[in-house]
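From first to last, the protein sequence lines are chains Z, Y, G and H. Take the first sequence: its position 151, counted from the start at 1, is 445 in this note's numbering, and no numbers get skipped. Take the second sequence: its position 63, counted from the start at 1, is 357 in this note's numbering, and no numbers get skipped. Take the third sequence: its position 107, counted from the start at 1, is 401 in this note's numbering, and no numbers get skipped. Take the fourth sequence: its position 88, counted from the start at 1, is 382 in this note's numbering, and no numbers get skipped. Just so it is clear, CB atoms sit at the ideal spot from N, CA and C, and this is done for glycine as well. Here is the structure we will look at, set down as structure tokens.
Number of protein chains: 4
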Amino acid sequence: MPKETFFNLPAEKRDLIIKVVTDEFAAFNYEQASVNRIVTNAGISKGSLYQYFEDKRDIYQYLIDLMTKEKVKYVSPVMQNPEDHDIFTLIRELYVSGLRFVLENPKFGAIGKRFMEIKNSVVYDEIMHGNRDAANQFFRILLEKAVDKGEIRSDLDIPMFAYMIGAMNTQMIEYFTDFETFEDDDKLLETVDIFIEFLKNGIEA
Amino acid sequence: MPKETFFNLPAEKRDLIIKVVTDEFAAFNYEQASVNRIVTNAGISKGSLYQYFEDKRDIYQYLIDLMTKEKVKYVSPVMQNPEDHDIFTLIRELYVSGLRFVLENPKFGAIGKRFMEIKNSVVYDEIMHGNRDAANQFFRILLEKAVDKGEIRSDLDIPMFAYMIGAMNTQMIEYFTDFETFEDDDKLLETVDIFIEFLKNGIEA
Amino acid sequence: MPKETFFNLPAEKRDLIIKVVTDEFAAFNYEQASVNRIVTNAGISKGSLYQYFEDKRDIYQYLIDLMTKEKVKYVSPVMQNPEDHDIFTLIRELYVSGLRFVLENPKFGAIGKRFMEIKNSVVYDEIMHGNRDAANQFFRILLEKAVDKGEIRSDLDIPMFAYMIGAMNTQMIEYFTDFETFEDDDKLLETVDIFIEFLKNGIEA
Amino acid sequence: MPKETFFNLPAEKRDLIIKVVTDEFAAFNYEQASVNRIVTNAGISKGSLYQYFEDKRDIYQYLIDLMTKEKVKYVSPVMQNPEDHDIFTLIRELYVSGLRFVLENPKFGAIGKRFMEIKNSVVYDEIMHGNRDAANQFFRILLEKAVDKGEIRSDLDIPMFAYMIGAMNTQMIEYFTDFETFEDDDKLLETVDIFIEFLKNGIEA
DNA sequence: CATGAATGAGCTTTCATTCAT
DNA sequence: CATGAATGAAAGCTCATTCAT
Numbered sequence: 295m296p297k298e299t300f301f302n303l304p305a306e307k308r309d310l311i312i313k314v315v316t317d318e319f320a321a322f323n324y325e326q327a328s329v330n331r332i333v334t335n336a337g338i339s340k341g342s343l344y345q346y347f348e349d350k351r352d353i354y355q356y357l358i359d360l361m362t363k364e365k366v367k368y369v370s371p372v373m374q375n376p377e378d379h380d381i382f383t384l385i386r387e388l389y390v391s392g393l394r395f396v397l398e399n400p401k402f403g404a405i406g407k408r409f410m411e412i413k414n415s416v417v418y419d420e421i422m423h424g425n426r427d428a429a430n431q432f433f434r435i436l437l438e439k440a441v442d443k444g445e446i447r448s449d450l451d452i453p454m455f456a457y458m459i460g461a462m463n464t465q466m467i468e469y470f471t472d473f474e475t476f477e478d479d480d481k482l483l484e485t486v487d488i489f490i491e492f493l494k495n496g497i498e499a
Numbered sequence: 295m296p297k298e299t300f301f302n303l304p305a306e307k308r309d310l311i312i313k314v315v316t317d318e319f320a321a322f323n324y325e326q327a328s329v330n331r332i333v334t335n336a337g338i339s340k341g342s343l344y345q346y347f348e349d350k351r352d353i354y355q356y357l358i359d360l361m362t363k364e365k366v367k368y369v370s371p372v373m374q375n376p377e378d379h380d381i382f383t384l385i386r387e388l389y390v391s392g393l394r395f396v397l398e399n400p401k402f403g404a405i406g407k408r409f410m411e412i413k414n415s416v417v418y419d420e421i422m423h424g425n426r427d428a429a430n431q432f433f434r435i436l437l438e439k440a441v442d443k444g445e446i447r448s449d450l451d452i453p454m455f456a457y458m459i460g461a462m463n464t465q466m467i468e469y470f471t472d473f474e475t476f477e478d479d480d481k482l483l484e485t486v487d488i489f490i491e492f493l494k495n496g497i498e499a
Numbered sequence: 295m296p297k298e299t300f301f302n303l304p305a306e307k308r309d310l311i312i313k314v315v316t317d318e319f320a321a322f323n324y325e326q327a328s329v330n331r332i333v334t335n336a337g338i339s340k341g342s343l344y345q346y347f348e349d350k351r352d353i354y355q356y357l358i359d360l361m362t363k364e365k366v367k368y369v370s371p372v373m374q375n376p377e378d379h380d381i382f383t384l385i386r387e388l389y390v391s392g393l394r395f396v397l398e399n400p401k402f403g404a405i406g407k408r409f410m411e412i413k414n415s416v417v418y419d420e421i422m423h424g425n426r427d428a429a430n431q432f433f434r435i436l437l438e439k440a441v442d443k444g445e446i447r448s449d450l451d452i453p454m455f456a457y458m459i460g461a462m463n464t465q466m467i468e469y470f471t472d473f474e475t476f477e478d479d480d481k482l483l484e485t486v487d488i489f490i491e492f493l494k495n496g497i498e499a
Numbered sequence: 295m296p297k298e299t300f301f302n303l304p305a306e307k308r309d310l311i312i313k314v315v316t317d318e319f320a321a322f323n324y325e326q327a328s329v330n331r332i333v334t335n336a337g338i339s340k341g342s343l344y345q346y347f348e349d350k351r352d353i354y355q356y357l358i359d360l361m362t363k364e365k366v367k368y369v370s371p372v373m374q375n376p377e378d379h380d381i382f383t384l385i386r387e388l389y390v391s392g393l394r395f396v397l398e399n400p401k402f403g404a405i406g407k408r409f410m411e412i413k414n415s416v417v418y419d420e421i422m423h424g425n426r427d428a429a430n431q432f433f434r435i436l437l438e439k440a441v442d443k444g445e446i447r448s449d450l451d452i453p454m455f456a457y458m459i460g461a462m463n464t465q466m467i468e469y470f471t472d473f474e475t476f477e478d479d480d481k482l483l484e485t486v487d488i489f490i491e492f493l494k495n496g497i498e499a
């Protein structure tokens with residue numbers, strides 16, 4: 295968490311710093327990102343930066359938190375009453391929100407990718423502080439309930455499929471970031487629908 | 295490629311160096327890996343290491359090559375006549391060989407994971423020398439042929455599914471490396487079969 | 295060019311660094327000069343030196359610039375209106391200023407000598423940034439004008455004599471640095487006058 | 295001096311080594327010259343080279359000696375009876391032989407230039423072992439005798455002119471190596487004659 | 001709240017020389 | 001006489017972090 299001083303800053307300055315930091319961690323992964331470059335680009339002194347943040351990790355942490363907060367905005371209203379919908383609708387909404395998020399926030403997309411690059415590092419664990427497999431948990435519960443409701447087959451390896459369904463979302467995002475691009479939102483929805491249908495065929499009861 | 299001197303070394307010493315280097319690149323990614331640590335752990339002088347290898351990248355390259363060579367051994371005989379088998383059999387063999395490889399060579403598994411961490415770096419490209427998405431290509435052709443043979447639906451987004459099928463293999467490997475473990479080979483085969491069935495349901499014609 | 299930080303330093307510290315650097319490049323040529331030795335002798339940390347200067351070349355560049363600036367102070371007022379004087383007067387002034395400069399700044403003399411040792415290197419060219427034979431050009435024009443004014447013979451190989459007259463100055467400086475010494479300024483002037491007379495006899499019209 | 299082993303070598307091998315060493319010290323100065331490169335280019339082992347020569351300096355020494363021996367061959371027969379000729383004839387012969395030597399042995403020319411680059415180093419002194427200013431001595435005696443014979447003015451600063459006349463030869467060689475080139479031997483002689491006349495006008499009695 | 005100089009362990013790489021075989 | 005593996009000090013340079021002002 296940034297120190298109090300950071301939040302006492304005039305919004306303009308704070309926003310500039312956030313912008314610079316965002317650019318830095320979008321262009322470089324955690325290790326390659328440079329505190330020197332940040333202060334230079336933000337036009338502030340090193341000492342100042344260290345009065346706003348504990349250390350490099352803290353800066354990163356803050357950025358990832360910001361990204362997470364932003365991502366939440368994309369979560370479909372459908373997710374507010376998950377029990378009202380079948381699992382395929384829910385997964386569809388998750389995929390769509392995930393894709394829309396990175397398409398509308400390409401820098402966050404890049405940061406997310408860079409973040410994944412350090413998935414095996416201490417820093418990653420620290421930033422996720424134990425939530426490492428929160429997504430896993432979420433999908434696991436989703437699948438378990440779907441089994442109960444008879445929506446999907448009961449003989450699946452739930453933990454594995456939970457992991458895979460989460461991972462597929464990430465992978466699909468990487469695919470569309472790296473190799474393809476959506477012409478418009480309709481195309482995006484269509485693509486997701488095809489994939490959801492694929493999933494459905496694969497696992498439905 | 296290591297220099298001649300490396301191959302002239304007594305096997306024992308060479309193996310020790312390989313072991314130390316393997317450990318280093320299993321524990322750290324390319325950037326974090328330290329030549330200093332390697333020479334210390336191998337009990338050799340800095341000068342010696344640089345008489346065996348051109349530079350750090352050369353060491354890494356050699357290790358990745360070694361891994362690739364080892365991995366090839368796991369490729370199923372089925373893959374020698376791919377046209378004799380349907381796509382699901384082929385994908386199954388690929389998944390099985392991939393999983394077996396990392397389960398029987400956990401250090402290589404770690405190295406492979408670390409290697410993926412630098413997927414967006416120059417070093418990665420250099421080591422892959424342009425073959426960056428050879429896997430993608432492979433799966434694309436596989437899918438195209440399967441469409442021709444009427445094994446899978448013709449309305450799929452081939453490039454995307456090619457990417458996803460490759461990625462799923464990697465993800466499954468990561469899952470079993472990080473969270474689960476196979477009791478025995480039967481369990482492994484069973485797991486893969488479930489997944490292949492899932493795939494089959496999803497995309498077969 | 296040193297970074298801003300260098301010029302922000304207390305004069306005392308800056309002067310100490312300049313002194314140490316001067317000594318280093320007076321005692322060793324560019325390659326043999328050691329950044330390690332500089333920081334040790336200056337009693338500063340490596341990191342600090344690299345906050346003052348870009349790199350080793352930057353340190354050297356700065357020193358050569360300093361020397362050049364200092365040398366300019368020695369240039370005779372006579373040179374401000376070159377057309378008011380005959381060529382022998384001008385050459386005399388140049389020789390005198392060159393000699394006085396190194397005699398009064400022996401360290402710069404040493405640095406100049408060391409600088410000449412790398413005359414065929416890339417670093418030399420970079421530091422001179424293309425002005426490699428500015429001196430040659432200068433003397434060439436001087437000689438051409440003198441031919442026009444009928445001060446010297448018109449059958450001379452101008453480029454060669456231009457080169458030689460410049461070189462003789464350097465050589466004379468080396469001679470008095472290495473083997474001889476002037477008792478006083480009168481002796482210096484006398485010596486130069488003898489040499490100029492020699493030159494005059496040799497080339498005047 | 296090379297060790298006995300070097301001279302026991304088959305002439306062919308010895309010559310190859312000499313050629314490689316010549317190329318190395320023509321292309322690089324003493325410091326930059328690399329023992330590694332020499333053994334590689336000569337196709338011999340490091341151990342062997344160190345059985346032929348004491349160390350790097352010894353190799354260099356040997357090469358400079360070889361060059362000196364070769365240079366002697368160019369000395370005009372006129373120099374065998376110096377007292378039969380006036381000083382200007384003698385100097386002329388020296389200049390001509392010096393120029394011819396480097397023109398016909400460009401590699402030695404390069405080596406000579408590289409050798410001059412370390413004029414202020416310990417290695418230079420060691421290689422010249424005290425003969426540092428043998429050339430100076432030579433010209434000094436020449437000038438003294440010429441004064442006695444009434445060939446040149448008696449009021450000259452003999453040591454300085456001795457130094458300068460030697461240096462001019464070197465400088466002229468550098469000029470023709472770096473900037474100009476002789477069409478033929480006639481042109482060379484003509485150029486030297488012009489310079490000698492210049493000298494003559496300058497210092498004759 | 002701002003500053004920016006100071007730090008120093010760490011990085012990868014080079015090289016002439018030795019010596020056991 | 002030939003070999004070539006071993007050496008290790010030294011090179012130039014980077015970087016997140018601290019702290020006195």
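Taking all protein chains shown into account, do 16 or more other C-beta atoms lie within 10 angstroms of the C-beta of residue i, making it buried, or fewer, making it exposed?
i: V390/Y; result: buried
i: K494/Y; result: buried
i: Q355/G; result: buried
i: K363/Z; result: exposed
i: A456/Y; result: buried
What residues of chain H sit near residue i, judged by a beta carbon separation below 8 Å?
i: I488/G; result: D449, L450, D451
Taking the continuous alpha helix (DSSP H) assigned at residue i, which residues delimit it?
i: I446/Y; result: Here I446/Y belongs to no alpha helix (DSSP H), and DSSP marks it neither H nor E.
i: Y368/G; result: Where Y368/G is concerned, there is no enclosing alpha helix (DSSP H), given that its DSSP letter is neither H nor E.
i: Y418/H; result: 416-422
i: I338/H; result: No alpha helix (DSSP H) contains I338/H, which DSSP labels as neither H nor E.
i: F301/Y; result: 298-302
i: T316/G; result: 305-321
Helix, strand or coil for residue i per DSSP?
i: E348/Z; result: coil
i: E498/H; result: strand
i: F470/H; result: helix
i: A327/H; result: coil
i: P453/G; result: helix
i: P400/Y; result: helix
i: N463/G; result: helix
i: D478/Z; result: coil
i: M410/Y; result: helix
i: M295/Y; result: coil
i: R394/H; result: helix
Can you list the residues of chain Z that residue i reaches, using a CB-CB cut of under 7 Å?
i: A461/Y; result: Q465
i: M422/Y; result: Chain Z residues near M422/Y: none, gap ~15 Å exceeds 7 Å.
Do you know offhand how far residue i's Cα is from residue j's?
i: S328/Z; j: D349/Z; result: 12 Å
i: G406/Z; j: P296/Z; result: 20 Å
i: D479/Y; j: T334/H; result: 53 Å
i: G444/H; j: D451/G; result: 29 Å
i: S342/H; j: T471/Y; result: 53 Å
i: I353/H; j: V315/Y; result: 39 Å
For residue i, return the contacting residues in chain H, with the cut-off set at a CB-CB distance below 9 Å.
i: I497/G; result: F492, N495, G496
i: T485/G; result: D451, M454
Under 9 Å Cβ-Cβ, which residues of chain Z neighbour residue i?
i: E411/Y; result: N323, M410, E411, I412, K413, N414, S415
i: I407/Y; result: In the sequence on display, residue 407/Y carries Lys and not Ile. Per Cβ cutoff of 9 Å: K413, N414.
Report the neighbours of residue i on chain Y: residues whose CB is nearer than 9 Å to its CB, in chain order.
i: M295/Z; result: The contacting residues do not exist; M295/Z stays about 26 Å from chain Y at best.
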